[in-house]
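Q: The structure under discussion is supplied below as structure tokens; questions concerning it will follow.
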Amino acid sequence: MVKLKRYDSFKHSIKEAVEKFKKIGRDEKIRIISHLDADGITACSILIHALNLENRRYSVSITQQLNSGFLSEISKEDYNCFFFTDIGSGKLEDIKNILHKKNVFILDHHEPEDADIKGNIVHVNPHFFGIDGTNEISGAGVVYLFAKQLNPKNQDMAHIAVIGAIGDVQAKNGFSKLNQNIVDDAVKQKNMKVIKGLKVYLVVSL
Ligand SMILES: [Mn+2]
245 MVKLKRYDSF KHSIKEAVEK FKKIGRDEKI RIISHLDADG ITACSILIHA LNLENRRYSV
305 SITQQLNSGF LSEISKEDYN CFFFTDIGSG KLEDIKNILH KKNVFILDHH EPEDADIKGN
365 IVHVNPHFFG IDGTNEISGA GVVYLFAKQL NPKNQDMAHI AVIGAIGDVQ AKNGFSKLNQ
425 NIVDDAVKQK NMKVIKGLKV YLVVSL
């Protein structure tokens, strides 16, 4: 029962993030910052797919790490809405201080920095609910759940989220829990096949 509650709470936090995102003006151009690895790039591609479906405009940067210099630079750009995917949870204090006038969405699975963030920052992270972000869900997976909540059509990106999880070496003797649910979505979408008996995931266009 306790476990169920945690997953429900995580899902609820994603719902809340989507509701807040829907309040962002449709003419606002969105600034995306994602992590420079397979998970970060797939996370970003899922978000872009979702934003395309919403007819939203955006621009993207992929970075190895966030630092205050980079955040200061982007804070001067002409954007009011920022998305950090597979990155950001470890830099909450800097984001809070430097992007204090902006609407910020952080969709990440890394261990969060302890910080007292304000209402302008929406932070989705499985760690807050005792869900293991190292093995159970990747950055791409968190973005996928956000995108799926925004529009169920985004389920056609489930296999891309699986690639993110593979990139973060989360497939150990198969996947568990949240990752497994995403694999199930990808199989249902006929974008992925799991070959039983092999500890190998095939992500293919069928
Ligand atoms: Mn990651």
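Just add 244 to wherever you are in the sequence shown, counting from 1, and you've got our numbering. By construction, the Cβ of each residue, glycine as well, lies at the ideal position given by its N, Cα and C atoms.
In the DSSP output, what is Ile276 paired with across the bridge?
A: Indexing the sequence shown from 1 puts residue 276 at position 32. Per DSSP, Val304, Phe327.
Q: In terms of residue numbering, what span does the beta strand (DSSP E) encompassing Lys434 cover?
A: Indexing the sequence shown from 1 puts residue 434 at position 190. From DSSP, Lys434 is part of no beta strand (DSSP E); its letter is neither H nor E.
Q: May I ask you to check if the CB of His279 is nearer than 8 Å to at least one heavy atom of ligand 1?
A: On the sequence shown, residue 279 is found 35 positions in, with the first residue counted as 1. Indeed, a heavy atom of ligand 1 lies less than 8 Å from the Cβ.
Q: Relative to the alpha-carbon of Ile276, which residue among Asp283, Gly284, Leu297, Ser303 has its alpha-carbon at the smallest distance?
A: Position 32 of the sequence shown, counted from the start, is the residue given in the question as residue 276. It is Ser303 whose Cα lies nearest to the Cα of Ile276.
Q: Ile339 lies in the alpha helix (DSSP H); which residues open and close that run?
A: One-based indexing of the sequence shown puts residue 339 at position 95. Where Ile339 is concerned, the enclosing alpha helix (DSSP H) stretches over 336–342.
Q: So, with DSSP's three-state summary, where would you put Met245?
A: Translated into positions along the sequence shown, residue 245 becomes position 1. Summary for Met245: the model assigns pLDDT 48, below 50, so the residue's position carries little reliability, and this model does not support an answer.
Q: Please check the pair Asn364 and Asn347, which I expect to be a contact at CB under 8 Å, by giving their CB distance rounded to whole angstroms.
A: Locating residue 364 in the sequence shown gives position 120, counting from the first residue. Locating residue 347 in the sequence shown gives position 103, counting from the first residue. Confirmed, about 6 Å.
Q: Quick check: is any heavy atom of ligand 1 less than 8 Å from the C-beta of Asp412?
A: Translated into the one-based positions of the sequence shown, residue 412 becomes position 168. Because some heavy atom of ligand 1 lies under 8 Å away, the Cβ of Asp412 counts as near it: yes.
Q: What's the gap between the Cα of Phe327 and the Cα of Leu343?
A: On the sequence shown, residue 327 is found 83 positions in, with the first residue counted as 1. On the sequence shown, residue 343 is found 99 positions in, with the first residue counted as 1. So the two alpha carbons sit approximately 11 Å from each other.
Q: Mind checking Gln414: buried by the 16 CB within 10 Å criterion, or exposed?
A: One-based indexing of the sequence shown puts residue 414 at position 170. Buried is the call here.
Q: Since I believe Ala391 is in contact with Asp330 (beta carbons under 8 Å), could you give me their beta-carbon distance rounded to a whole number of angstroms?
A: Mapped onto the sequence shown, residue 330 falls at position 86. Mapped onto the sequence shown, residue 391 falls at position 147. Incorrect: roughly 14 Å between the Cβ atoms, too far for contact.
Q: Answer yes if the stretch 247–265 comes into contact with the stretch 391–407, meaning at least three C-beta pairs across the two stretches below 8 Å, and no otherwise.
A: Cβ pair count under 8 Å is three or more, so yes.
Q: Have a look at Ile290 and Met436 and give me their C-alpha separation to the nearest angstrom.
A: Here residue 290 refers to the residue found at position 46 when the sequence shown is read from its first residue. Here residue 436 refers to the residue found at position 192 when the sequence shown is read from its first residue. Computed Cα separation, rounded: 16 Å.
Q: Who are the Cβ neighbours of Phe254 in its own chain at under 7 Å, not counting the five residues just before and after it?
A: What you label residue 254 is simply residue 10 of the sequence shown in a count that begins at 1. Pro370, Phe373, Ile375, listed in sequence order.
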